[in-house]
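Asks: Protein sequence lines, in the order shown, are assigned to chains A and B.
In terms of the working numbering, the first sequence opens at residue 1417 and continues consecutively.
In terms of the working numbering, the second sequence opens at residue 0 and continues consecutively.
For every residue, glycine included, the Cβ atom is placed at its ideal position computed from N, Cα and C.
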Amino acid sequence: MNGVAFGVFLFLFLLVTVMGFAAARWRRAKTMDSLDEWGLGGRGFGTFIAWFLIGGDLYTAYTFIAVPATLFAGSVTGFFAVPYTIIIYPMVFAFLPRLWSVSHRHGYVTPADFVEGRYGSKSLGLAVAATGIVATMPYIALQLVGMQVVLQVLGLQPSSGNWFLKDLPLFIAFLILAAYTYSSGLRAPALIAFVKDTLIYLVIIVAVIYIPHHLGGWGQVFHTVKSNFDSSNAAAAAAGQPATKGVFPATGVGQWAYASLALGSALALFMYPHSVTGVLSTRNRGVIRRNAALLPAYSFLLGLLALLGFVAVAAAVKVGNPPNAQLAIPQLMEDQFPSWFAGVAYAAIVIGALVPAAIMSIAAANLWTRNIYKAFINRAATPVQEARQAKLVSLVVKFGALIFVLALNKSFAINLQLLGGVWILQTFPAIVAGLYTRWFHRWALLAGWLASMVYGTWVAYDTPSPTQAHFGSSVHVFPGTHTGIYIAITAFILNVVVAVVGTVVLRALRVPDGVDGTRPEDYVADIGDEGVEPELNPVQPAH
Amino acid sequence: MNARSTGLWVLTGILLVVAAVPPLLVPVYARTTPTLWGFPFFFWFQFLLVIWAAVLTTGAYFLAKEAYRRDRAARGMRNGGSR
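Shown next, in the form of structure tokens:
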């Protein structure tokens, strides 16, 4: 273990712990006992805070570890994270202000609240909520995987001992996270996000300037990577195996996969409950559009970070035996940086895991509380009961994720995360189409959701890779062609077809379509309008 | 939407489409040359697209702000909530 790196790491970790608990007093409300306060931070965050919060929410520690790892491993599609995060923002700009307005006027806390209100269907709301929860759980688990690799490089994971002792540092970090999320709600990650993003920007900017300089410049880095991948491909070909490594998708097959992964992931991202939580916590309609123009700064950063995967190849980073590509970035920092700055880098990644993990657990807790607990178990729940329920569930969700990663198989979490992306996209028709039109029939949307969930899960299970029989890739061969595209997109097409056909049939049969609880003007309401008060009264919901 | 804002909304939509579509046209930019500061074209071009999209989205922000203001004025609602 490196004493200096550990000291710096510990100092920064303790700093955010204090901030997490102090956040309960930040922008203090009369009471924390409602979901608007605990689960959405009082719905009062302006452009500046929202930029840090949403950025801290979307660009997770797992991204910081996994995206460079795929480039390090020579996957031609690894860089798709960049076009993906370019496409997102014009879409955010287009439809999220409408979700903000209707949610604010009706006191919706989750996307499932909106679906339930719009279609007058608790079952459709339940489908959206359940999808959100099961897609979020493995995502939280992967934040732990991100923390684990850092703790491993830091030397905090003794290789001997049982799984509990081995992961004690992870336990402690998560226990602290759970405690301040419980007491401060969304205010904790919002405040910590300032530290997280400042550290991440600092570390990455230093890394992309300092490390390639030591390796002979970026031109040399790309040159070394190219010859490294070429020789690895030649060796594979000689052994009769497929040559898969490449710097970028040079052929049509890789390009379809690249574009469909970017598009599918972009469509899916703001269906994740934690993204919606970030958006609904903003003060007014304009904050979201302003942030759509400002958040691409993070995409630029993500691109630079992804390329560190190549830098790690050029620096001949050793990632253990059997090789674990996810160690590439922490190990690169360990090898190249002076100890004190390596400590800063580790802290940046670990804090980068805490912020999204907190927001995700809050979002999942909100979904449970609103769309399962209140919708089906305790229909007369008061705001105080809702807040209490959500706080408890946030603990359950986090410890569930912890046990998941530690006691079960880590690759199981990664497979589920792959599935989560496929699943969450299937809530898109109900949510996004619903923001513009009530044309779709609620049962048709439910049927489309069900068909695409089953189909997507089956296809993902059935897709092998050279190393595993199931869940081998998020790309499959599109039926009737030889072109590989993102599974989520194929399932999404099926979803829309079923929903359209189903709507036509159900309308012809005159099946009752539920009561729309919203009005057209709700979708363009702004702060200060009737029912969209700056200070919400938790005891009297707006509608 | 009304007569005084339709044009602005259409223009906003065009800016957003022009921002979002180029990253999907992978065959156009999946190439090595010309390189810039040692970066293959594929990589530096996508960094350029990030900036391109940010600039267009900023433009769309100002257009939509004005269009939204006109919509509200047309319905006799007060403006200023969305600063």
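(1) Assuming Ala1659(A) contacts Ala1652(A) under a Cβ cut-off of 8 Å, what Cβ separation, rounded to an integer in Å, is found between them?
(2) Quick one: using the 10 Å Cβ neighbour count with 16 as the cut-off for buried, is Thr32(B) buried or exposed?
(3) Give a yes or no on whether the minimum CB-CB distance between Leu1512(A) and chain B is below 8 Å.
(4) Pull up the distance between the alpha-carbon of Ala1876(A) and that of Gln1884(A), whole angstroms please.
(5) With a cut-off of 8 Å, does the C-beta of Gly75(B) fall near any C-beta of chain E?
(6) Under 8 Å, Cβ to Cβ, is there at least one residue of chain B near Tyr1939(A)?
(7) So which residues on chain B does Ser1715(A) lean against when the C-beta distance must stay under 7 Å?
(8) State the Cα-Cα distance for the pair Trp1839(A) and Thr1547(A), rounded to the nearest angstrom.
(9) Looking at the strands, I want to know which residues DSSP matches up with Tyr1939(A).
(10) Take Leu35(B) and list the residues in its own chain whose beta-carbon comes closer than 8 Å to its own, dropping the five residues that flank it on each side.
(11) Would you list, in sequence order, the uninterrupted alpha helix (DSSP H) runs of no fewer than 4 residues that lie entirely inside the stretch 1730-1782 of chain A?
(12) May I ask which residues mark the beginning and end of the alpha helix (DSSP H) holding Trp1562(A)?
(13) For the beta strand (DSSP E) containing Tyr1902(A), list its first residue and its last residue.
(14) Any contact between the stretch 1517-1534 of chain A and the stretch 1686-1697 of chain A? By contact I mean 3 or more CB pairs, one from each, below 8 Å.
(15) Can you confirm whether the stretch 1791-1809 of chain A touches the stretch 1616-1624 of chain A when touching is taken to mean that 3 or more C-beta pairs between the two stretches lie within less than 8 Å?
(16) Just to confirm, does Leu1841(A) get its C-beta within under 7 Å of one of the non-hydrogen atoms of the ligand GDP?
(17) Rounded to the nearest angstrom, how far is the Cβ of Val27(B) from that of Pro1712(A), given a contact under 8 Å?
(18) Taking 8 Å as the cut-off, decide whether the C-beta atoms of Ile1847(A) and Pro1513(A) are in contact.
(19) Is Arg1699(A) buried or exposed, if buried means 16 or more other CB atoms sit within 10 Å of its CB?
(20) Residues of chain A with CB closer than 7 Å to the CB of Pro33(B), please, in chain order.
(21) Is it right to say Tyr1871(A) is buried, meaning 16 or more other beta carbons lie within 10 angstroms of its own, or is it exposed?
(22) Let me check understanding here. Comparing Cα to Cα, which of Leu1602(A), Phe1753(A), Leu1841(A), Val1914(A) lies closest to Ile1465(A)?
(23) How would you write the range of the beta strand (DSSP E) that Gly1893(A) sits in, first residue to last?
(24) Just to check my reading of the structure: Trp1442(A) and Leu1607(A) have Cβ atoms closer than 8 Å, yes? What is that Cβ distance to the nearest angstrom?
(25) Please confirm whether Trp8(B) has its beta-carbon closer than 8 Å to some beta-carbon of chain A.
(26) How big is the Cα-Cα spacing for Met1687(A) and Ala1655(A)?
(27) Who are the neighbours of Met1507(A) on chain B, taking C-beta pairs under 9 Å?
(28) Which whole runs of the alpha helix (DSSP H) in the stretch 1778-1860 of chain A are 4 residues long or more, in chain order?
(29) Helix, strand or coil for Leu1685(A) per DSSP?
(30) What would DSSP say about Leu1717(A), mapped onto helix, strand or coil?
(31) Measuring alpha carbon to alpha carbon, tell me which of Ile1943(A), Gly1930(A), Val1940(A), Val1948(A) ends up nearest Gly1533(A).
(32) Considering only residues of the same chain and omitting the five flanking positions on each side of Ala1485(A), which have a CB-CB separation below 6 Å?
(33) Going by DSSP, what residues sit across from Thr1698(A) in a beta bridge?
(34) Please report the distance separating the alpha-carbon of Arg1935(A) from that of Phe1509(A).
(35) Can you find a C-beta in chain A that's less than 8 Å from the C-beta of Phe42(B)?
(36) With a cut-off of 8 Å, does the C-beta of Ala72(B) fall near any C-beta of chain A?
Replies: To lay it out plainly:
(1) The residue labelled residue 1659(A) in the question sits at position 243 within the first sequence. The residue labelled residue 1652(A) in the question sits at position 236 within the first sequence. Indeed, because the Cβ distance is near 5 Å, the residues count as touching under 8 Å.
(2) As a first step, residue 32(B) is located in the second sequence; it is residue number 33 there, counting from the start. Burial call: exposed.
(3) Working through the first sequence from its first residue, we reach residue 1512(A) at position 96. False, the Cβ-Cβ gap to chain B never drops below 8 Å.
(4) As a working mapping, residue 1876(A) is identified with position 460 in the first sequence. As a working mapping, residue 1884(A) is identified with position 468 in the first sequence. The alpha-carbon atoms of Ala1876(A) and Gln1884(A) are separated by roughly 12 Å.
(5) In summary, chain E is missing from the structure at hand, where the protein chains are A and B.
(6) To locate residue 1939(A), count along the first sequence from 1; it is residue 523. It does not; no Cβ of chain B falls within 8 Å.
(7) Residue mapping note: residue 1715(A) aligns to position 299 of the first sequence, counting from 1. Those are Val49, listed as they occur along chain B.
(8) The residue you call residue 1839(A) lines up with position 423 of the first sequence. The residue you call residue 1547(A) lines up with position 131 of the first sequence. Answer to the nearest angstrom: the Cα atoms are 7 Å apart.
(9) Your numbering for residue 1939(A) matches position 523 in the first sequence. Tyr1939(A) is not bridged to any residue.
(10) Locating residue 35(B) in the second sequence gives position 36, where the first residue counts as 1. Hits under 8 Å: Trp43.
(11) 1744-1752
(12) Along the first sequence, read from residue 1 onward, the residue named residue 1562(A) stands at position 146. What sits at residue 1562(A) in the sequence shown is Gly, not Trp. Note, Gly1562(A): alpha helix (DSSP H), 1538-1569.
(13) For the purposes of this step, residue 1902(A) is taken as residue 486 along the first sequence, with counting starting at 1. Where Tyr1902(A) is concerned, the enclosing beta strand (DSSP E) stretches over 1900-1902.
(14) yes
(15) no
(16) Ligands in the displayed structure: none, and consequently the ligand GDP is not present.
(17) Numbered from 1 along the second sequence, position 28 holds the residue referred to as residue 27(B). Numbered from 1 along the first sequence, position 296 holds the residue referred to as residue 1712(A). That belief does not hold up - the Cβ atoms of Val27(B) and Pro1712(A) are roughly 20 Å apart, past 8 Å.
(18) One-based indexing of the first sequence puts residue 1847(A) at position 431. One-based indexing of the first sequence puts residue 1513(A) at position 97. No, Cβ-Cβ distance for Ile1847(A) and Pro1513(A) is not below 8 Å.
(19) Here residue 1699(A) corresponds to residue number 283 of the first sequence, with the count starting at 1. Looking at its Cβ environment, which holds 16 or more other Cβ atoms inside 10 Å, Arg1699(A) is buried.
(20) To locate residue 33(B), count along the second sequence from 1; it is residue 34. Near Pro33(B) there are no residues of chain A at all, since even the closest Cβ is about 13 Å away, more than 7 Å.
(21) What you label residue 1871(A) is simply residue 455 of the first sequence in a count that begins at 1. Label assigned to Tyr1871(A): buried.
(22) Numbered from 1 along the first sequence, position 49 holds the residue referred to as residue 1465(A). Here the closest residue by C-alpha is Leu1602(A).
(23) In the first sequence, residue 1893(A) corresponds to position 477, counting from 1. What sits at residue 1893(A) in the sequence shown is Val, not Gly. Looking at the DSSP string, the run of the beta strand (DSSP E) that includes Val1893(A) is 1891-1893.
(24) Here the question's residue 1442(A) lines up with position 26 in the first sequence. Here the question's residue 1607(A) lines up with position 191 in the first sequence. Contact flag correct, Cβ pair sits at about 6 Å.
(25) Walking along the second sequence from the start, residue 8(B) turns up at place 9. Closer than 8 Å: no.
(26) For the purposes of this step, residue 1687(A) is identified with residue 271 of the first sequence, where counting begins at 1. For the purposes of this step, residue 1655(A) is identified with residue 239 of the first sequence, where counting begins at 1. Rounded to whole angstroms, Met1687(A) to Ala1655(A) spans 44 Å at the Cα level.
(27) Indexing the first sequence from 1 puts residue 1507(A) at position 91. Result: Leu15, Ala19.
(28) 1799-1823, 1826-1841
(29) Here residue 1685(A) refers to the residue found at position 269 when the first sequence is read from its first residue. If DSSP states are grouped into helix, strand and coil, Leu1685(A) belongs with the helices.
(30) Within the first sequence, numbered from 1, the residue matching residue 1717(A) stands at position 301. The answer is helix: DSSP assigns Leu1717(A) an H, G or I state.
(31) Counted from its first residue, the first sequence places residue 1533(A) at position 117. Checking every option, the nearest Cα to that of Gly1533(A) belongs to Gly1930(A).
(32) One-based indexing of the first sequence puts residue 1485(A) at position 69. Contacts found: Ala1741, Gln1742, Ala1744.
(33) Taking the first residue of the first sequence as position 1, residue 1698(A) is located at position 282. Paired residue(s): Phe1461(A).
(34) The sequence position of residue 1935(A) within the first sequence is 519, counting from 1. The sequence position of residue 1509(A) within the first sequence is 93, counting from 1. Roughly 21 Å between the two C-alpha positions.
(35) The count along the second sequence starts at 1 and reaches residue 42(B) at position 43. Yes - at least one Cβ of chain A is within 8 Å of the one on Phe42(B).
(36) Translated into positions along the second sequence, residue 72(B) becomes position 73. So, not an interface residue.
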